[in-house]
Structure formats: C-alpha cells, structure tokens
Amino acid sequence: MLLRSASTFRRLWVGQFVSTIGDGMQRIALLWWAKHHGGNGLLAAVALSTVVPTVVCSPVGGWLADHVDRRLLLVGADLSRLALSGLLAALLFGGDPPVAVVCALVVLAAVAASVFDPAYNAAVPTIVADEHLPAANGLNMANGAVGGLVGPLAGGVLIAVTDIGWVMVVNAATFAWSAACIAACRLPLPVASLAATGERAGIRASLSAVRAIPDLGRLVALAATLNMVVAPVPMMIAALAIDRLDAGPATFGVLEMLLSAGLLVGSIAAGVLARGRLALPFHVLGVSLAVVGVVPASGAAVALVVGGVAIAVANTEALTRFQRSVPAEVQGRVFGVLGSMSEGLRPAGLALGAPLLAIAGVSGAFAAVGAGIVLATIAFTRHLDVIEVPATRVSAAHPGVPETLG
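Quick note: the sequence shown uses the working numbering, first residue -10, plus one each step.
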C-alpha cells in the first residue's frame, strides 16, 4: 500500500487529512456568519474573497513553486493561514467584527492557498514513483472528500455547542499540524532552482510548455470548461430537492452528501479505476447528472453517488496526466495557470445556474449540464489518450529521489 511504502508522501497526506477537515469547518462557519450578519450580499462577498485571489495569484504561486524550496513554501503558507485563522478567532470572539476586515483576512488566506496548492501538486511526482501517481492523487482527492463531509458537520456542531470563534481556533490548530508534518519531510528542490536555465519567467513559460506538448492545451481547456459547466450543480441539487422532489432540508442534506460520498469512494478506488482512459469517467459523469433530473428520489441518489465516483476517477486521471506530461521545471506554473483559469470560469458557470433553472426547469437543467459535459469531453479528448511527453522530461528530473520510496 502506498501510504505504507512511501514515507514522505504519508507525512504530507496525514497533514492534509487533518487540515482539509479544518478547512471544511472554517468554510461552513464563515458562510454561517455571513448569512446571519449580512445576508446574501455578504455571502457573495465572502465567496468572491476566496475566488478572486485564486484567479489572480495562482500563476504567481505556480512560479514560486518552480523556483523556491517547496517545503518552505508549504510550511510558510500553512503558518500564514494559522495566523490568519487566529486573527479571525480573536475578531469573532470579540463580538461583531468589521465586515471589511473579515473579508480581507479571507483574501489573505486565499492568497496563501494559491501558493500552497501548485507547490503541493508539483511536489507529489517528486516523492512518488510514476506507477503510483494515480493512487497518490486519489488519496489526495479522498482528503478533499472527507473534508467536504466531516468538516461542515463538525463545524456546525461546534458552532451549535460553543462559539464560532472556536471553529477558527480548531482550523488554526490543523494548520499547525500540517506545517509540522511538512517540516518533517525532505522534498527535492525544484528543477528550475537547481540550474540557471535562462528560461522565461511567469505565465509565459507555462503557456510555452502547454504549446510545446501535443494536446496538453486540450487537456487544460477541458479542465477549465468542465469546471465551469459543473459549477451550478450544488444549486441545482437544492432545486431538485425543493421543486421536483418536494422534500425537506433533511433530504436536501442527504442529496448533497451523496455526491461527496461518491467522491470519497471513487478517490479510494481511483488507483485501480484510473486506467488511462480519460473520456470514459467524464461520459459517465455526464450521463449520471442527466439522469438525476428525470428519475425518482432513489434513482437520483444512486446517480449522484455514481457521479461522485466518476468525478474522482476523472480528476485523478486528469491530474496524473498533467504531472506526467508537463516538464518538471514548469509544473508549478502550469498548475498555477490551470487553477487560475478554472476558478476564473467558475463564476460564469454559477451565474448561468439561475437562468438555466428558470428556462429549462430542474430536469432540463440537469440534462443540459450532463450534455455539456459529454460534448466538452468529445470536443477536447480526441487523441488525449496518447499524449506524448517531451524528451526533456526524464525520470532523473528530480535528483536524489529513488524510484520507490521506503
């Protein structure tokens, strides 16, 4: 088992397992606070405070991931978020904090995450043997699924029995745990920091890398487009429960959890299910979502679980493609630009959700999203199962890392 054989990856993963739960707790706490202190307008402001820094700062974070010691970046990002969560806790314990200050702290936390995420994704291939990348990416995705399931539940319970400030304290503690786990790891230096290559810096280098690799641009476009297409699914699930199934909040909560449950199952099994075929899981996802809108509640539940499994397998396969295809010296920048593009298109998808439901109804909206996923997959995945890796990306790109870790 990968977690048993790859000790460095195990330390990183254990740190993130705890940290993602804290993230889920803080996310639900901030939304609860925003709803009760400013209504929908403040909800939107908090959401934008997370999205905008990701769009703007991810390319910069990616550049740093290619040029700076990734362990220092990861630890620094975690310690920054620890301090920011501590400040949020102090403000919330004090009563009614200024909205602008809370949003500013959320912005700074998102900036830190924009540094952390590209560095983490680029570091994984340096500590895991190539044949184990699908399993490693699946385990990382499982962390996100656990955070989505356990974090909001734990955060809600903690708010109910104590004070919202304690949620921030717990999240700060999870960042301390993650930073300690990362500090105990030995990560190889980025290739770009080991030699002065005279390469162009910033976004241009990552875009050049995308153009240099056959069909990689299609993979980037597919990831960004699908992120936009699926963005309105959470609001569509709410409409499904209320408008079509005439269900109460309990049923709505169950439907929301089913997608995450499928994501968790698929993440655990991704090492086996991600067999190199990129299009199949995306097609399964599209069909599953199209079915959700026309079948009874029990059928919708099954379709959502299947859709969650498909998301996990598809994301694992796509991430593994990026890690295997992108030259090591620009991986951080490519992940940064990908994150920026994906988050940049998400607001467009969210904005289309309400008009889509108004025009097409619940069943039609699910059918449209499902069809959009299938059509985008057909358009972008031709020949993607045979992406060629440039000769510059060799197994020795990361000096000092053995093929199998003990």
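In this text, a Cβ means the ideal position worked out from N, Cα and C, and glycines have one as well.
**OP:** Use the C-beta contact count for residue 285: other C-beta atoms within 10 angstroms, 16 or more gives buried, fewer gives exposed.
**Re:** exposed
Original post:
Leaving out five residues before and five after residue 356 in sequence, what residues of the same chain have Cβ atoms less than 7 Å from its Cβ?
Top reply: 279, 282
**OP:** Quick one: give me the first and last residue of the alpha helix (DSSP H) that residue 318 is part of.
**Re:** Unbroken run through residue 318: none, as it is neither H nor E.
Original post:
Would you call the CB atoms of residue 59 and residue 178 closer than 9 Å?
Top reply: yes
Original post:
Does any C-beta atom of chain C lie closer than 9 Å to the C-beta of residue 355?
Top reply: No chain C appears in the structure shown, which is made up of a single protein chain.
Original post:
Would residue 292 pass as a contact of residue 157 if the rule is Cβ separation under 9 Å?
Top reply: no
Subject >> Residue from 71, 236, 117 whose Cα sits closest to the Cα of residue 163 >> reply: 71
Subject >> Within 9 Å, strictly: CB atoms of residue -7 and residue -1 >> reply: yes
Original post:
Which residues in the same chain have their Cβ closer than 7 Å to the Cβ of residue 86, if we skip the five residues on either side of it in sequence?
Top reply: 80
Original post:
For the alpha helix (DSSP H) that contains residue 96, what are its first and last residues?
Top reply: Where residue 96 is concerned, the enclosing alpha helix (DSSP H) stretches over 88 to 116.
Subject >> Nearest candidate by alpha-carbon position, reference residue 44, set 25, 336, 348 >> reply: 336
Original post:
If you pair each beta-carbon of the segment 117 to 129 with each one of the segment 44 to 57, do three or more pairs fall below 8 Å?
Top reply: no
Subject >> Rounded C-alpha distance that separates residue 429 from residue 349 >> reply: It is not possible to answer for residue 429, since the shown part of the chain is limited to -10 through 395.
Original post:
Which residues in the same chain have their Cβ closer than 8 Å to the Cβ of residue 14, if we skip the five residues on either side of it in sequence?
Top reply: 140, 141, 143, 144, 147, 156, 159, 160
Original post:
Considering only C-alpha positions, which residue in the set 332, 298, 346, 210 is nearest to residue 134?
Top reply: 298
Subject >> Inter-residue Cα distance where the pair is residue 136 and residue 277 >> reply: 23 Å
**OP:** Measure the CB-CB distance between residue 366 and residue 272 and report whether it falls below 9 Å.
**Re:** yes
Original post:
With burial defined as no fewer than 16 other Cβ atoms inside 10 Å of the residue's Cβ, what is the status of residue 371: buried or exposed?
Top reply: exposed
Original post:
What is the DSSP secondary structure of residue 184, counted as helix, strand or coil?
Top reply: Unreliable positioning characterises residue 184 in this predicted model, as indicated by a pLDDT of 47, which lies under 50. A coordinate reading is not provided.
Original post:
Does the distance from the CB of residue -5 to the CB of residue 125 come in under 9 Å?
Top reply: yes
Original post:
Which same chain residues, not among the five before or five after residue 97, have their C-beta less than 6 Å away from its C-beta?
Top reply: 73
Subject >> Residues near residue 288 by beta carbon distance below 6 Å, same chain, minus five either side >> reply: The answer is none, since no qualifying residue turns up.
Original post:
With a Cβ-Cβ cutoff of 9 Å, do residue 246 and residue 138 count as a contact?
Top reply: yes
Original post:
What is the C-beta distance between residue 402 and residue 218, in whole angstroms, given that I count them as a contact (C-beta under 8 Å)?
Top reply: Lying before the first or after the last residue shown, residue 402 is absent from the chain, which here runs from -10 to 395.
**OP:** Over the uninterrupted alpha helix (DSSP H) stretch that includes residue 221, give me the two end residues.
**Re:** Counting along the chain, residue 221 falls outside any alpha helix (DSSP H), and DSSP gives it neither H nor E.
**OP:** Identify, in the order they occur along the chain, each residue of the same chain with its Cβ nearer than 8 Å to the Cβ of residue 187, setting aside the five sequence neighbours on each side.
**Re:** Residue placement at residue 187 cannot be trusted, given a pLDDT of 47 that sits under 50; what the coordinates show is reported in the next sentence. Same-chain partners within the cutoff: there are none.
Original post:
Apart from the five residues just before and just after residue -3, which ones in its own chain have a Cβ nearer than 7 Å to its Cβ?
Top reply: 116, 174, 175, 394
**OP:** Taking residue 91 as the reference, give the member of 23, 28, 360 with the closest Cα.
**Re:** Comparing Cα positions, the closest option is 23.
Original post:
Taking the C-alpha atoms as reference points, what is the distance between residue 222 and residue 21?
Top reply: 21 Å
Original post:
Would you call residue 94 buried or exposed, if buried means 16 or more other Cβ atoms sit within 10 Å of its Cβ?
Top reply: The C-beta of residue 94 has 16 or more other C-beta atoms within 10 Å across all chains shown, which makes the residue buried.
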